[in-house]
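Residue numbers (this note's numbering): 542 to 883. Just so it is clear, CB atoms sit at the ideal spot from N, CA and C, and this is done for glycine as well. In this text the structure is predicted, and so the values were computed from the model without any measurement. These notes are about the structure you will find just below.
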Amino acid sequence: MREITRHALFWPVAALIALLVANTVYRPDFLAVTVLDGHLFGAPIDILRNAAPLMLVALGMTLVIATRGIDLSVGAVVAISGALSLSFIATSPDPGSVSTVLLAIAIALGVSLVLGVWNGFLVSVVGIQPIIATLILMTAGRGIAMLITEGQITTVTSAPFKTLGSGFWLGLPVATLVAGGVFLLVALLTRRTALGMLVESVGINPAASRLAGVKARTIVWTVFALSGLFSGLAGLILASNVMAADANNAGLFIELDAILAVVIGGTSLQGGKFSLSGTLVGVLIITTLTLTVTIVGISPLVTPLFKALVVIAVTLLQSPRIRETFAARARQRAARPEEVAA
542 MREITRHALF
552 WPVAALIALL
562 VANTVYRPDF
572 LAVTVLDGHL
582 FGAPIDILRN
592 AAPLMLVALG
602 MTLVIATRGI
612 DLSVGAVVAI
622 SGALSLSFIA
632 TSPDPGSVST
642 VLLAIAIALG
652 VSLVLGVWNG
662 FLVSVVGIQP
672 IIATLILMTA
682 GRGIAMLITE
692 GQITTVTSAP
702 FKTLGSGFWL
712 GLPVATLVAG
722 GVFLLVALLT
732 RRTALGMLVE
742 SVGINPAASR
752 LAGVKARTIV
762 WTVFALSGLF
772 SGLAGLILAS
782 NVMAADANNA
792 GLFIELDAIL
802 AVVIGGTSLQ
812 GGKFSLSGTL
822 VGVLIITTLT
832 LTVTIVGISP
842 LVTPLFKALV
852 VIAVTLLQSP
862 RIRETFAARA
872 RQRAARPEEV
882 AA
């Protein structure tokens with residue numbers, strides 16, 4: 542039992558189960574899943590669908606944090622991606638055309654990748670600290686999205702594009718399948734190839750990695766590029782879900798949720814070893830918490846407060862100074878009985 546409780550995912554999984562149990566007690570049919578028109582419906586399906594954009598952003602954030610970085614621009618990239626895709630579809634002669642939608646998606650993902658490469662260039666080549674480099678795009682990104690939409694909320698009617706965020710395939714939400722596919726791909730690349738080991742080596746000791754022949758600059762550049770690409774895909778799903786591009790609110794504070802999910806999952810903000818499965822559990826916890834607040838009847842405006850408190854608590858617990866303080870107190874308590882016996 543002690544080995545189970547020491548597992549890195551024990552407490553995150555326990556927290557997720559506690560949330561599900563609490564919701565079930567409050568609403569007994571919370572875990573019920575029904576089939577309607579060949580599609581699955583219910584709160585668990587809603588959680589999986591709503592978690593898809595955050596899962597994509599958190600995957601990129603996990604890799605960035607593993608290299609001792611941080612990406613604060615993911616929300617801005619989400620907004621730019623949604624603005625680009627919907628603006629292109631809205632101005633096209635045939636918004637309902639599959640080719641139009643595919644081209645819009647390609648443009649949005651291409652620009653998102655370029656933005657990620659830009660962040661990687663500032664960090665790995667220019668040498669700017671990640672928090673500052675990504676803060677630049679975080680600040681300017683929403684302004685770029687506003688320019689794309691001309692300060693208006695762009696709405697379109699396009700059945701093929703709507704499928705990405707609201708459609709179903711094999712009974713499951715398309716958004717969930719897309720996020721799940723990306724998760725499996727990243728897991729295979731990082732755990733079945735040397736990429737994961739290289740990312741962790743750069744995060745543990747960048748200087749030693751360079752001396753060992755690891756191209757640390759290329760690794761850092763790659764993870765920031767992937768973060769931008771995944772954020773762009775998340776922006777497409779969010780825009781497709783509401784069929785509107787809101788430059789001010791699209792992806793707002795999603796960077797906080799992504800960092801929180803990564804930290805809850807056991808990946809240290811100091812870099813090094815990372816856990817994709819832990820990130821998945823963290824995303825499910827945040828999504829379930831958001832739904833719980835709505836079910837209980839608490840104003841959604843309060844939700845960021847709960848998330849912020851969790852971020853503060855986890856960050857403090859990961860602080861080396863705090864850990865050393867707790868360890869010193871534990872040693873003192875263990876030594877007191879010996880002193881009394883002597």
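Under the DSSP assignment, V576 falls in the beta strand (DSSP E) whose first and last residues are 575 to 577. Around the beta carbon of F794, fewer than 16 other beta carbons sit within 10 angstroms, so the residue counts as exposed. The alpha-carbon separation between L729 and A875 amounts to approximately 44 Å. Counting only runs of 3+ residues, no beta strand (DSSP E) is found wholly inside the region 625 to 696. A869 and G684 have their alpha carbons spaced roughly 49 Å apart. Listed as beta-bridge partners of F709 by DSSP are P714. Sequence-distant partners of T696 (beyond 5 residues in either direction) whose C-beta falls short of 7 Å from its own C-beta, in its chain, are M784, A785. Excluding residues up to 5 positions away in sequence, A757 lie with their Cβ nearer than 6 Å to the Cβ of R751 in the same chain. In the DSSP annotation of this structure, F551 is not part of any beta strand (DSSP E); the continuous alpha helix (DSSP H) holding it starts and ends at 551 to 567. Under the three-state reduction of DSSP, L581 is assigned to strand. Contact annotation, D612 with S768: C-beta distance approximately 5 Å; criterion of less than 8 Å satisfied. Rounded to whole angstroms, L705 and F551 show a C-alpha spacing of 33 Å.
Annotation: V755 is outside any alpha helix (DSSP H) and is labelled neither H nor E by DSSP. Per DSSP, reduced to three states, the secondary structure at A849 is helical. For G823, the enclosing alpha helix (DSSP H) begins and ends at 817 to 837. Considering only I839, I778, A753, the residue with the shortest C-alpha distance to A592 is I778. A868 sits in a helix when the DSSP states are folded into three classes. In the three-state reduction of the DSSP assignment, A786 falls in the strand class. Apart from sequence neighbours up to five positions away, the residues of its chain that approach L557 with a beta-carbon distance below 7 Å are V822, L825, I826, T829, ordered along the chain. Shown here, D612 sits in coil according to DSSP, grouped into three states, outside any helix or strand.
With contacts defined by Cβ atoms closer than 8 Å, F771 and L595 do not form a contacting pair. A residue is called buried when at least 16 other Cβ atoms come within 10 angstroms of its Cβ; E796 meets this threshold and is buried. Counting the other Cβ atoms within 10 Å of the Cβ of N660 gives 16 or more, which makes it buried. Residue environment: A620 is assigned as buried (16 or more neighbouring CB atoms within 10 Å of its CB, all protein chains considered). Take the alpha-carbon of T835 and the one of G722: they are about 29 Å apart.
For V804, the enclosing alpha helix (DSSP H) starts and ends at 795 to 805. Within the same chain, T603, A607, T808 come within 6 Å of F815 by CB-CB distance, once the 5 residues on both sides are set aside. In the three-state reduction of the DSSP assignment, Q811 falls in the coil class. When only Cα atoms are considered, T833 and V843 end up about 12 Å apart.
For G737, the uninterrupted alpha helix (DSSP H) segment begins and ends at 736 to 745. Counting of Cβ neighbours within 10 angstroms places W762 among the buried residues, the total reaching 16 or more. Minimum Cα-Cα distance from F765 among the listed residues L725, A788, G708, V740 corresponds to V740.
Apart from the 5 residues on each side of it in sequence, A617 sits with its Cβ closer than 6 Å to the Cβ of L678, M679, G682, R683 in its chain, given in chain order. T866 has its alpha-carbon roughly 49 Å from the corresponding atom of S707. Taking all protein chains shown into account, V666 has fewer than 16 neighbouring C-beta atoms within 10 Å of its C-beta and is therefore exposed. Within the model, the alpha-carbon separation for S840 versus A849 is close to 16 Å.
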